[in-house]
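Working notes, beginning with the structure itself.
This is the structure we're talking about:
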């Protein structure tokens, strides 16, 4: 067993994290409704620890229903540290554009429909990731900053899923959830992937979180 | 004391807003570029001086930062700018406004609640100007200034997808200068360049703003005509042919009569990919050459 493996979250810690995320996502849903005027259902998250090399395979399997996807990648940096991947099936940009009611005419003449669809995905992703990560770290008593989100638009999963997020030999905690916009035909997947750098802190923070219930 | 100096000396615009979106801080950079003094704007809603910010997207992002403590990014690519300032340097001469990359983020009080948000404004006019030049160069033919083949290939794919999605008509004209090798061999390559430039500029002047004229290869040109049906494309090709035939080219005191052959193809449902349409136009062009040059042949 490598040192990294010993440092990984225990079964119990994973359960606590799952419960904590459940609470966090519930709060995120409620607040998201106020910000983007639509209710986002965030399903019960699933937590697991994986080797970084196995991540792309894991993600591809999870989203295997979709041939063409768009991925938004955004890093969050605090003691809680990792990468968020938000994955939308093909055509989500058009639906999101309708949600915001943005018009091409509101922008400069050289802004295309495709650019606007892409921007809608980016904006919604930035808010969705901000909400989910923000509520999780709030419960863990941490603060994070975010990098600007990057997007890979309408591509095959094998091209779009990033392979080199962290050191390939290390472990990662993957928090996965499925979300739906309640009155719209928009759904997708959110993966929060924490590197083993934050494991030690995360263990302590999870134990602190449990103490308030004991 | 030092922080206040940094706030005012830094070469970035910094604004702090409270929960009602009133301005709480306005740094020197913002004063200099907006011509609004801090004391004149502090305490007023940001919209009183910048009504353009009173839009759903800006409000949505403010709400998000207050609620979640996340960051919002307003890219220059889409927004151009949040604050309509004049460009600062000569680099920005082609822009009416300073191009900005803006970020919005949370500021927390002692109990860790997001009580204010900050906006940082970075002048990226110079980068945007360079980018614009690079993009132009990347789609331009060096000799003639019309579009290059790379651009045409991409545009053709785009038009093809648009046809498949919305069933919009479009046509393609391929053309080639007749006996161009003779021009080069007789008068030299400099003369050949003059002829190519002449043809490009003459054809360009006769096309609609919405058409795309590209140099496809050495002496070969391609016109992509969105929203043009078969008749429109054929009649344009004929007008181009006549105009070229009638206009002499002078080089080094000598007069040359140049002619061009044309192949026209029209997009219809059975055409399965963009390259097939190109091939149809190319075959028609070949037929025009075969049957005596200086003529328009339409693809069957």
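Protein chains in written order, with my numbering: chain G, 323 to 536; chain S, 806 to 1105. From the three backbone atoms N, C-alpha and C, an ideal C-beta is built for every residue, glycine too.
Within chain S, partners of residue i - CB distance below 8 Å
i: residue 362 of chain G; result: Chain S residues near residue 362 of chain G: none, gap ~13 Å exceeds 8 Å.
i: residue 467 of chain G; result: 876, 910
Under 9 Å between C-beta atoms of residue i and residue j
i: residue 459 of chain G; j: residue 372 of chain G; result: no
i: residue 358 of chain G; j: residue 421 of chain G; result: yes
i: residue 450 of chain G; j: residue 362 of chain G; result: yes
i: residue 403 of chain G; j: residue 519 of chain G; result: yes
i: residue 461 of chain G; j: residue 513 of chain G; result: no
i: residue 1024 of chain S; j: residue 1068 of chain S; result: no
i: residue 417 of chain G; j: residue 506 of chain G; result: yes
i: residue 953 of chain S; j: residue 1019 of chain S; result: yes
i: residue 1066 of chain S; j: residue 1098 of chain S; result: yes
i: residue 510 of chain G; j: residue 378 of chain G; result: no
i: residue 504 of chain G; j: residue 360 of chain G; result: yes
i: residue 1079 of chain S; j: residue 1104 of chain S; result: no
i: residue 1038 of chain S; j: residue 1071 of chain S; result: yes
i: residue 973 of chain S; j: residue 1036 of chain S; result: no
i: residue 475 of chain G; j: residue 395 of chain G; result: no
i: residue 1008 of chain S; j: residue 1083 of chain S; result: no
i: residue 490 of chain G; j: residue 374 of chain G; result: yes
i: residue 447 of chain G; j: residue 399 of chain G; result: no
Residue-chain proximity (residue i, chain S), Cβ-Cβ < 9 Å
i: residue 455 of chain G; result: yes
i: residue 448 of chain G; result: yes
i: residue 357 of chain G; result: yes
i: residue 323 of chain G; result: Annotation note: pLDDT 44 at residue 323 of chain G (below 50); position unreliable, no value reported.
i: residue 422 of chain G; result: yes
i: residue 445 of chain G; result: yes
i: residue 384 of chain G; result: no
i: residue 531 of chain G; result: no
i: residue 460 of chain G; result: yes
i: residue 408 of chain G; result: no
Of the listed residues the options, nearest to residue i (C-alpha basis)
i: residue 984 of chain S; options: S:970, S:974, S:1001, S:976; result: S:1001
i: residue 1042 of chain S; options: S:1100, S:890, S:908, S:957; result: S:1100
i: residue 522 of chain G; options: G:493, G:510, G:508; result: G:493
i: residue 469 of chain G; options: S:908, S:1051, S:886; result: S:908
i: residue 865 of chain S; options: S:824, S:846, S:903, S:892; result: S:824
i: residue 830 of chain S; options: S:869, S:912, S:881, S:916; result: S:912
i: residue 381 of chain G; options: G:436, G:479, G:340; result: G:479
i: residue 861 of chain S; options: G:390, G:413, G:356; result: G:356
i: residue 538 of chain G; options: G:342, G:471, G:418, G:505; result: Outside the shown range of chain G (323 to 536) lies residue 538 of chain G, about which nothing can therefore be said.
i: residue 851 of chain S; options: S:888, S:1007, S:870; result: S:888
i: residue 863 of chain S; options: S:854, S:873, S:877, S:853; result: S:877
i: residue 848 of chain S; options: S:1079, S:827, S:995; result: S:827
i: residue 351 of chain G; options: G:387, G:453, G:333; result: G:453
i: residue 437 of chain G; options: G:447, G:419, G:423; result: G:419
i: residue 1059 of chain S; options: S:916, S:991, S:1065; result: S:991
i: residue 1011 of chain S; options: S:1021, S:1030, S:999; result: S:1030
i: residue 872 of chain S; options: S:854, S:857, S:982, S:917; result: S:917
i: residue 388 of chain G; options: G:414, G:434, G:345; result: G:414
i: residue 820 of chain S; options: S:832, S:809, S:814, S:810; result: S:832
i: residue 1063 of chain S; options: S:1052, S:1016, S:1057, S:922; result: S:1052
i: residue 467 of chain G; options: G:346, G:340, G:406; result: G:406
Test: residue i CB closer than 9 Å to a CB of chain C
i: residue 913 of chain S; result: Judged by its chain identifiers, the structure shown contains no chain C, and its protein chains are G and S.
Residue i at chain G interface by Cβ criterion, 9 Å
i: residue 972 of chain S; result: no
i: residue 1105 of chain S; result: no
i: residue 917 of chain S; result: yes
i: residue 825 of chain S; result: no
i: residue 1094 of chain S; result: no
Neighbour list for residue i in chain S, Cβ cutoff strictly below 7 Å
i: residue 441 of chain G; result: 883
i: residue 387 of chain G; result: Chain S residues near residue 387 of chain G: none, gap ~23 Å exceeds 7 Å.
i: residue 470 of chain G; result: 878
i: residue 437 of chain G; result: 883
Chain-ordered chain S contacts of residue i [CB-CB under 9 Å]
i: residue 415 of chain G; result: By Cβ distance, chain S contributes nothing, its closest Cβ being about 13 Å from residue 415 of chain G, past 9 Å.
i: residue 452 of chain G; result: 869, 870, 872, 873, 874, 875, 876, 877
Select from the stretch 851-870 of chain S all residues with a C-beta closer than 9 Å to any C-beta belonging to chain G, and list them in chain order. Against chain G - using a Cβ distance shorter than 9 Å - the residues of the stretch 851-870 of chain S are 860, 861, 862, 865, 866, 868, 869, 870.
Residues of the stretch 872-904 of chain S with Cβ closer than 9 Å to any Cβ of chain G, in chain order: Listed by position, the residues of the stretch 872-904 of chain S near chain G (Cβ gap below 9 Å) are 872, 873, 874, 875, 876, 877, 878, 880, 882, 883, 884, 885.
Taking a cut of 7 Å between CB atoms, which residues from the stretch 488-517 of chain G lie near chain S? Residues of the stretch 488-517 of chain G whose Cβ lies closer than 7 Å to any Cβ of chain S: none.
Using Cβ-Cβ distances below 9 Å, what residues of the stretch 340-354 of chain G are close to chain S? Those would be 350, 353, 354, in chain order.
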